[in-house]
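Student: Pasting a structure below so you can have a look.
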Amino acid sequence: MIDEAADATDLFQRQPELDYLEQWRTTLAAQAEQAVEESQRYLVFRLADQLFGLPSSLVIEVLSSLTVRALPNRSKEVVQGLVNLHGRLQICVSLASLLVPGQPAGVAKRLLVVNLQGDHYVTPVQDALGMHRFKAADIIQPPASARHLNGLCSLNEQMVGLLDCSSLRNTLRRNVSR
Amino acid sequence: MMDLFRVEVETQIGRLCDDLIRLERSGNDPALLESLMRASHSTKGAARMVGVLPAEKLAHVMEDYFVAAQASRVAVNAAAIDTVLFAADLLIAMSKAEVLEKWEQENAETLAAAYERLTALMNPVASPAAPARPVAASLPTPVTQPVTPAEIKGESRTMRLAADRLDALLNLSGEAQVLGMWLTEFAQSLLEYKSKHAQLHGCLLQLETKTLPANARVQLEQALQLCSDGGRILFERLEALNEHDRRVQSVTKQLFEEVLLTRMRPFSDAVGNLNRLVRDLGRDLGKEVELQLQGLEVLVDRDILERLESPLTQLLRNALDHGIETGLERSSKGKPDQGNLRVQARHSRGWLFITVSDDGRGLDYAALRERLVERNLCPPEVVERLSQEELIEFIFLPGFSSRTEVTEISGRGVGLDLVRQTLGEVGGRVTCQPASPYGLEFEIRLPIALSILQCLMVEIAGEVYGLPLARLDRVFQVEHERVTSVEGRPWLEEENIALVMGYNLLGLPAPEQRDPTLCIVGLRHNDQNFGMVVDRFLGKEKLVTQRLDSRLGKLQHVTVGAILKDGTPTLVLDVDDLARSMGRTLEDWRQEYFPRAAGGGDDRKRVLVVDDSITVREVERNLLRGLGYDVDVAVDGMDGWNAVRSGRYSLVVSDIDMPRMDGFELVRLIRADPLLSSLPIIIVSYKDREEDKVRGLEVGADAYLTKASFHDDKFAETVRNLIG
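So the protein lines, in turn, are chains V and C.
Each residue of the first sequence is one higher than the one before, counting from 0 in numbering that gives the first Met the number 0.
Each residue of the second sequence is one higher than the one before, counting from 0 in numbering that gives the first Met the number 0.
The following block contains the structure:
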């Protein structure tokens, strides 16, 4: 009996062979990479009747509402004005005017605070629908005419336009500094 | 690591330089020598830690020198101090180098020279006569060195902090105050509830006096009890809320004020460089000068501090170059050999005052007068009658210098106008007057805190704007009727200013309601007075301003933003921009920029009057207005042609003899244009010959009248016939 116990212990303490280890190491590593590559989180929101998604890392906050103060001698189309965000004046822009132009806006129930590669903006949206994970495999190419999208994905039978940070940032910059 | 090294070098060597200058004056003060030795020793150690070999070597030799000086084995004279300062500058430059190896390569010779000279100091026999001071141009100028904290009264420790952090703190503490205000308003609003509750209680009490069936009475007693309990709880809770509100107000206010204070630095921060400057410059010019600094602990706003270095430097340079005489000249005048320069800071009447004075030769008024005449800046007769104060003003003109040669030291007299400009940018001003008993004194006046702006809040097109009080001339209210017009421009005769509507300037829609009284803000720009009409005045406010996001660039008509007490954003208007725009608007004849009298709708017909005589334009204008038309004016044919193409006119009344384009040509152009060909045109001219009339009608005018016909109803009749 003692022998059996000793054998059992020996069994448990046996060192695995090197290539056995190697094999499993590669398999596990590959799995981890796959898991990371597969999906990205987006904040999905609605502008007019269309859905859009912004990578979650770009969204800082979602607020309910703020008074917007218009700027003189400028059109209020894209740059709506300034808001007071935690004591600091921030630029408020209308993404709707860029992404769904010409469509009646509707009441904006939420305000997104975003950081596009260092450029901070506040923008009103009709609704914020929470974070969603989209798998890379499910994202399809947007039409060439969609300047600010870098992908389309389906969510509950509706298409979500995934926004391209750089292109959006550049367009906003141009409008702001006009 | 390198960052720490940099900080260490800056602090240590900064102190070292200050002490060196003091050493020069004091001779062989052992305390100073000790401090100097320690500074070089620490620098040597730090350099060794981060492995910057050349710095270590240099600091080592410095330390040796000071040790030797403490033992009185070497001389401490001006030449020696020069040498050590030279090495100190190199150390600072080295610590700031981005890529050390590259810097070492580029400055290898200078480094070697410094090392040699320092070593030579130790060898009294071998040390040569003081070599010519190395040209400062080969070294980057030493940056403002912080004065040792211990010298500043009351400041015990200092910390380095990113400026952004402080700005963020300021914003958040402002927001905290705004949120605190809500609490106060909430407490107020509960008073209404309290009163309703009292009424409820009253109602129940009244009910109690009535006769009621027994079970109803029981319930009533219950209700009364509940009401009474409820009232007591409400009362207690309200008390607690009020108490808490008071504390929140107090804390947020203190927080805000403390954070505001973090924007302030002691005046000593701006003058660290000056001792060195005066010493070096004095040596270059061969003049012995002492610099006195007073008010070092006076607090100055960070943003203003940055702007002070350049003006102060320029003023001191001027004083050293032009003002202070050589030792010989001074003693011949009975003045002490050593010249005296004084820089003093103080707070007074809500302003920061900085005076820079010297005991030199003051201004040569005669030479000044000559120069003015020479430069054609002033005719000779006037120059003679100018008082001293008036003469002094001229020295602030650009390009003005009372020295014939351009010196490297003080430049070509471009200094003082730049000083005035730099200070003006932050709301400061500089004046000059003779010092007593001799010399010159410059007084700089600056706002104490830049980011706090006293503003007049106004409403324009329903939105709130701030106007900096310091830039406003006057404000007044007048009744609509007192506004007359000159050349079609609204004019307030008693104040002699032209008026422009604020909402027009800002591109905002006109408000529908029009008050019978106009609120006018008087602005002044480059000797011109303008009046901007706003909806109403909202009182004075002290705004804590924020720079607007740099992505917006410079917004037209706006300087900075701010957040009001209720948390809403507001904008502070740029008075210079406004004045410029007003000037441009007033030159634009075509714009209808004065509010029509109440009751005027868009269906009033519009007439264009084209004449190069202002009298005629006025007469015709008033006549037509009296008839119920809106009138625009143009000064000649070309102007008229540009105006009429806007398509807004029902009738054109034109003269014939005008510059640039005459009336005939104008009529011809109008008739040739497909859109305007049927526009009614009346020609009004002095020329009353038959051929002129024929010609007028030939080119296509509908009527031709002479200027004589203004005395009867002919003109009015013709107009009515044409357009009704």
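The beta-carbon is built from N, C-alpha and C at its ideal position, and this holds for glycine as well.
All values derive from a computational prediction rather than experimental measurement.
With distances taken Cα to Cα, identify the nearest neighbour of K541/C among A561/C, G230/C, A365/C and R444/C.
Tutor: Comparing Cα positions, the closest option is A561/C.
Student: For S176/V, which residues in chain C fall below 8 Å Cβ to Cβ?
Tutor: Neighbours of S176/V on chain C, chain order: R550, L551 and G552.
Student: According to the neighbour-count rule (16 or more other Cβ atoms, all chains shown, within 10 Å of its Cβ), is G153/C buried or exposed?
Tutor: Since pLDDT at G153/C reaches only 44, below the 50 mark, its modelled position is unreliable, and the value read off the structure follows with that caveat. Flag for G153/C reads exposed.
Student: How would you call F185/C, buried or exposed, if buried means at least 16 neighbouring beta carbons within 10 angstroms?
Tutor: Under this definition F185/C is an exposed residue.
Student: Quick check on this structure: which residue in R535/C, P489/C, V559/C and V520/C has the alpha carbon closest to the alpha carbon of P510/C?
Tutor: Checking every option, the nearest Cα to that of P510/C belongs to R535/C.
Student: Exposed or buried, which one is E492/C when buried takes at least 16 other CB atoms within 10 Å?
Tutor: By the neighbour-count rule (16 or more Cβ atoms within 10 Å), E492/C is not buried but exposed.
Student: Quick check: what's the CA-CA separation for E62/C versus V288/C?
Tutor: Looking at the two C-alpha atoms, the distance is approximately 29 Å.
Student: Contact between the stretch 42-60 of chain V and the stretch 513-532 of chain C: three or more CB pairs below 8 Å?
Tutor: No, the stretch 42-60 of chain V is not in contact with the stretch 513-532 of chain C.
Student: Kindly indicate the opening and closing residues of the beta strand (DSSP E) around E458/C.
Tutor: Its beta strand (DSSP E) spans residues I451 to I459.
Student: Any Cβ of chain V within less than 7 Å of the Cβ of D2/C?
Tutor: No, because no Cβ of chain V sits closer than 7 Å to the Cβ of D2/C.
Student: State the DSSP-derived secondary structure class of Q144/C, mapped to helix, strand or coil.
Tutor: With a pLDDT of 38 at Q144/C, under the threshold of 50, the modelled position of that residue is not reliable, and the figure given next carries that caveat. Reduced to three states, the DSSP call for Q144/C is coil.
Student: Determine, using beta carbons only, whether R68/V comes closer than 7 Å to chain C.
Tutor: Yes, contact with chain C.
Student: Look up K692/C in the DSSP assignment and say whether it is helix, strand or coil.
Tutor: In the structure shown, K692/C sits in a helix (DSSP, three-state: H, G or I).
Student: What residue range is occupied by the uninterrupted alpha helix (DSSP H) comprising R159/C?
Tutor: Premise fails: R159/C is in no alpha helix (DSSP H) and is neither H nor E.
Student: So, I391/C versus C431/C, is the Cβ gap smaller than 7 Å?
Tutor: Against a cut-off of 7 Å, the Cβ pair of C431/C and I391/C comes out as a contact.
Student: Do we get a CB-CB distance below 7 Å when we pair L94/V with the residues of chain C?
Tutor: By this cut-off, L94/V is not an interface position.
Student: What are the residues in the stretch 76-94 of chain V lying within 7 Å of chain C by C-beta distance?
Tutor: Residues L81, V82, N83, H85, G86, R87, L88 and I90.
Student: From the DSSP output, in three-state form, read off Q14/V for me.
Tutor: Reduced to three states, the DSSP call for Q14/V is coil.
Student: Give a yes or no on whether the minimum CB-CB distance between T584/C and chain V is below 7 Å.
Tutor: Not one chain V Cβ lies under 7 Å of T584/C.
Student: Nearest CA to the CA of G117/V: which residue from L167/V, A29/V, G86/V and S93/V?
Tutor: The candidate whose alpha carbon is nearest that of G117/V is L167/V.
Student: Within 7 Å of any Cβ in chain V, is that where the Cβ of H479/C sits?
Tutor: Chain V, which has no Cβ nearer than 7 Å to the Cβ of H479/C, makes this no.
Student: Would you kindly report the start and end of the unbroken alpha helix (DSSP H) that includes M121/C?
Tutor: First-last of the alpha helix (DSSP H) with M121/C: A107 to M121.
Student: Would you please state the rounded distance, in angstroms, between the beta carbons of A45/C and V8/C? I believe it to be under 8 Å.
Tutor: The pair is a contact, with the Cβ atoms about 7 Å apart (cut-off 8 Å).
Student: Which whole runs of the alpha helix (DSSP H) in the stretch 350-429 of chain C are 4 residues long or more, in chain order?
Tutor: Complete alpha helix (DSSP H) runs here, min 4: 364-373, 379-384, 387-393 and 414-424.
Student: Work out the CA separation of D363/C and L554/C for me, nearest whole Å.
Tutor: Going by the C-alpha atoms only, they are around 46 Å apart.
Student: Using the C-alpha atoms, what's the distance from L439/C back to D358/C?
Tutor: Distance between the alpha carbons of D358/C and L439/C: 7 Å.
Student: Can you name, in chain order, every residue of its own chain whose Cβ lies under 7 Å from the Cβ of G349/C, other than the five neighbours on each side?
Tutor: Cβ neighbours of G349/C beyond the five flanking positions: I447.
Student: Does the Cβ-Cβ distance between D762/C and V634/C come in under 7 Å?
Tutor: An answer regarding residue 762/C cannot be provided, because it is not within the stretch 0 to 723 covered by chain C.
Student: Quick check: what's the CA-CA separation for S549/C versus V571/C?
Tutor: Between S549/C and V571/C, the C-alpha separation is close to 16 Å.
Student: Relative to the alpha-carbon of N241/C, which residue among N76/C, R647/C, D283/C and L190/C has its alpha-carbon at the smallest distance?
Tutor: Nearest C-alpha to N241/C: L190/C.
Student: Check whether the stretch 153-168 of chain V and the stretch 4-19 of chain C touch, using three or more Cβ-Cβ pairs below 8 Å as the test.
Tutor: With the cut-off at 8 Å, the stretch 153-168 of chain V and the stretch 4-19 of chain C do not touch.
Student: Counting only beta-carbon atoms, is R13/V nearer than 7 Å to chain C?
Tutor: No, R13/V lies away from the interface with chain C (no Cβ there is under 7 Å from its Cβ).
Student: Residues of chain V with CB under 8 Å from V557/C, in chain order?
Tutor: Simply L70 and P71.
Student: Report the neighbours of R172/V on chain C: residues whose CB is nearer than 9 Å to its CB, in chain order.
Tutor: Result: R550.
Student: Within 10 angstroms of the Cβ of P15/V, are there 16 or more other Cβ atoms? Answer buried if so, exposed if not.
Tutor: Exposed, because fewer than 16 other Cβ atoms sit within 10 Å of the Cβ of P15/V.
Student: Pick from V482/C, G294/C and A74/C: whose alpha carbon is nearest that of T516/C?
Tutor: The shortest C-alpha separation from T516/C is found at V482/C.
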